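Peer 1: One structure, pasted below without further comment.
Number of protein chains: 2
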Amino acid sequence: MSLPHALLGLLAVEPASGYALTKAFDESLGRYAWYAGHTSIYPELGRLAERGLVEVTAEGPRGSRTYAVTDAGRDELRSWLLTRPSEAGKVRNESVLRMFLLSALDPADARTVLTGIAADARAGADELRTIRADHPGPLTGRNGFGQLAAEFGLRQYEAVHEWATWALDQLGAQTPDDRTDAADPAHTF
Amino acid sequence: MSLPHALLGLLAVEPASGYALTKAFDESLGRYAWYAGHTSIYPELGRLAERGLVEVTAEGPRGSRTYAVTDAGRDELRSWLLTRPSEAGKVRNESVLRMFLLSALDPADARTVLTGIAADARAGADELRTIRADHPGPLTGRNGFGQLAAEFGLRQYEAVHEWATWALDQLGAQTPDDRTDAADPAHTF
DNA sequence: TTCTGACATGTCACATTTGACATGTCAGAA
DNA sequence: TTCTGACATGTCAAATGTGACATGTCAGAA
């Protein structure tokens with residue numbers, strides 16, 4: 049279970065409320081790495097506080113509580129990150145599952161789905177390129193997650209696009225949607 | 049919950065026993081898309097059989113039962129795959145989580161971990177290139193998952209390697225060994 | 001002033017997953 | 001023959017996660 053370490057990691061960068069953490073999961077972290085809803089986050093913060101890994105450092109308006117990681121929490125996070133796990137962690141990713149299950153469809157259906165995947169990947173990559181251009185910043189600290197996520201996500205989308213293109217090629221198909229804007233430099237992979 | 053569809057997808061390609069499905073999850077599917085252990089798979093096969101989406105078509109030695117997808121199951125799978133979900137599915141990937149949490153470490157530690165990630169990614173890519181060279185095959189049918197997984201995984205590893213290289217570059221040219229300024233890790237940000 | 005939407009935290013029943021435990025078969029090697 | 005390891009399936013308690021429901025604050029717009 050990685051949720052406590054995800055929370056520790058976010059709080060190690062900057063103290064935050066449960067609400068702010070929930071937004072971080074929705075935006076950067078949860079999109080590529082580890083999703084969690086507020087109904088898991090709030091109870092887990094309580095458990096981390098009981099274990100002395102985080103503490104409430106401030107209370108604000110609307111009952112908000114700001115949590116910060118303690119020294120013990122920082123030690124726990126650091127040792128978790130520096131210990132390389134022997135086995136690869138379990139993966140759950142519905143999008144990727146859908147991609148793999150294509151081999152169970154007949155080629156016509158597979159082509160339809162692959163075309164959609166390629167288009168989505170291109171759109172996702174374009175979006176992240178825009179975000180990257182608008183938000184430069186340092187790799188560590190409060191911008192770190194966003195930067196790492198954007199750069200990782202961009203390469204991820206590009207890889208998916210290349211993969212989908214390869215798969216379509218294997219199926220002996222053209223990708224009509226995908227070729228219409230091929231001349232636009234902003235859309236060139 | 050995607051497990052039933054994952055099973056349907058595997059069985060749509062080729063009838064298999066619970067044991068064989070478990071191995072498929074351990075090998076191709078579970079490495080990149082969706083992990084499940086035998087303790088989820090066997091009960092889920094029972095539920096799918098109750099719903100008439102799969103059926104037992106043969107019984108073999110050691111009590112093994114071969115399941116095959118029914119017409120109803122094939123319909124269910126096809127409509128699931130052809131319906132594009134409005135929201136991106138929830139992602140759980142401990143490896144990626146570890147990458148993102150790097151921004152909570154001081155640069156020296158981050159560099160150590162990133163170097164390991166880059167090395168792992170390179171090794172993974174090399175391994176898959178070897179596998180690909182040794183096992184050519186068609187995209188659909190019983191080899192489909194393996195082919196899709198290998199090609200996807202290869203691009204994934206390459207993307208991770210590029211990303212880790214980019215991140216190391218962002219952290220500066222300094223190597224961990226070169227580092228002489230002993231800043232307190234807890235107060236780096 | 002009233003309303004809307006973001007802020008902010010929580011509980012609880014239900015579903016799902018995990019890890020430990022359990023059982024037994026069969027082929028091939030020592 | 002005995003032993004080992006892969007084959008093959010299962011249960012069950014405990015841990016976790018999900019979605020629905022619940023409550024209330026505060027700022028700014030209409």
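Residue numbers (my numbering), protein chains in the order written: chain A, 49 to 237; chain B, 49 to 237. Backbone N, C-alpha and C define an ideal beta-carbon position, used for all residues, glycine too. Everything numeric in this text was worked out from a predicted model, so none of it was measured.
Could you tell me if residue 49 of chain A is buried or exposed, where buried requires 16 or more neighbouring beta carbons within 10 angstroms of its beta carbon?
Peer 2: exposed
Peer 1: Using 10 angstroms around the beta-carbon of residue 112 of chain A, count the other beta-carbons present and answer buried if the total reaches 16, otherwise exposed.
Peer 2: exposed
Peer 1: Is any beta-carbon of chain B found at less than 8 angstroms from that of residue 175 of chain A?
Peer 2: no
Peer 1: Is there a C-beta anywhere in chain A that falls below 8 angstroms from the one on residue 102 of chain B?
Peer 2: no
Peer 1: In chain order, what residues of the segment 59–87 of chain A put their CB closer than 8 angstroms to some CB of chain B?
Peer 2: 60, 61, 62, 76, 77, 78, 79, 80, 81, 82, 83
Peer 1: Between residue 182 of chain A and chain B, is the shortest Cβ-Cβ distance under 8 angstroms, so that the two count as touching?
Peer 2: no
Peer 1: Could you check the C-alpha separation between residue 138 of chain B and residue 51 of chain A for me, to the nearest Å?
Peer 2: Rounded to the nearest whole angstrom, the CA to CA distance from residue 138 of chain B to residue 51 of chain A is 14 angstroms.
Peer 1: Using beta carbons (cut-off 8 angstroms, strictly below), is residue 228 of chain B in contact with chain A?
Peer 2: Caution is warranted here: a pLDDT of 38 is assigned to residue 228 of chain B, below 50, making its placement in the model unreliable, and the coordinate value is therefore given only provisionally. Output row for residue 228 of chain B: interface = no.
Peer 1: Please classify residue 60 of chain A as buried or exposed, where buried requires at least 16 neighbouring CB atoms within 10 angstroms.
Peer 2: buried
Peer 1: Using the rule of at least 16 other Cβ atoms within 10 Å of the residue's Cβ for burial, across every protein chain shown, is residue 109 of chain A buried or exposed?
Peer 2: Burial call: exposed.
Peer 1: Could you check which residue in B:142, B:136, B:87, B:134 has the C-alpha nearest to that of residue 66 of chain B?
Peer 2: Nearest option by C-alpha distance: B:87.
Peer 1: Assuming contact is defined by CB atoms lying nearer than 8 angstroms, are residue 116 of chain A and residue 63 of chain A in contact in what I supplied?
Peer 2: yes
Peer 1: Please list the residues of the segment 141–157 of chain B that have a C-beta atom closer than 9 angstroms to any C-beta atom in chain A, keeping them in chain order.
Peer 2: Listed in sequence order: 141, 142, 143, 144, 145, 146, 147, 148, 149, 150, 151, 152, 153, 154, 155, 157.
Peer 1: Going by DSSP in three states, residue 88 of chain B sits in which element: helix, strand or coil?
Peer 2: Assigned with DSSP and collapsed to three states, residue 88 of chain B falls in helix.
Peer 1: Apart from the five residues on each side of it in sequence, which residues of its chain come closer than 8 angstroms, Cβ to Cβ, to residue 114 of chain B?
Peer 2: 63, 64, 65, 104, 105, 106, 107, 108
Peer 1: At the 8 angstroms Cβ level, is residue 129 of chain A part of the contact set with chain B, yes or no?
Peer 2: By this cut-off, residue 129 of chain A is an interface position.
Peer 1: On the premise that residue 196 of chain A lies in contact with residue 76 of chain B, defined as a C-beta separation below 8 angstroms, what is that separation, rounded to the nearest angstrom?
Peer 2: About 28 angstroms separates the two Cβ atoms, so there is no contact after all.
Peer 1: Which chain B residues sit within Cβ distance under 9 angstroms of residue 178 of chain A?
Peer 2: Those do not exist, as residue 178 of chain A stays about 18 angstroms from chain B at its closest Cβ, beyond 9 angstroms.
Peer 1: Would you say residue 199 of chain B faces chain A, with C-beta separation under 8 angstroms as the test?
Peer 2: It does; some Cβ of chain A falls within 8 angstroms.
Peer 1: For chain B, find out if any of its Cβ atoms is closer than 8 angstroms to the Cβ of residue 260 of chain A; answer yes or no.
Peer 2: No answer is possible for residue 260 of chain A: it lies beyond the span of chain A, which begins at 49 and ends at 237.
Peer 1: What residues of chain B sit near residue 121 of chain A, judged by a beta carbon separation below 8 angstroms?
Peer 2: Near residue 121 of chain A there are no residues of chain B at all, since even the closest Cβ is about 10 angstroms away, more than 8 angstroms.
Peer 1: Please state whether DSSP places residue 107 of chain B in a helix, a strand or coil.
Peer 2: strand
Peer 1: From this set, A:171, A:181, A:162, A:55, which residue's C-alpha is nearest residue 91 of chain A's C-alpha?
Peer 2: A:55
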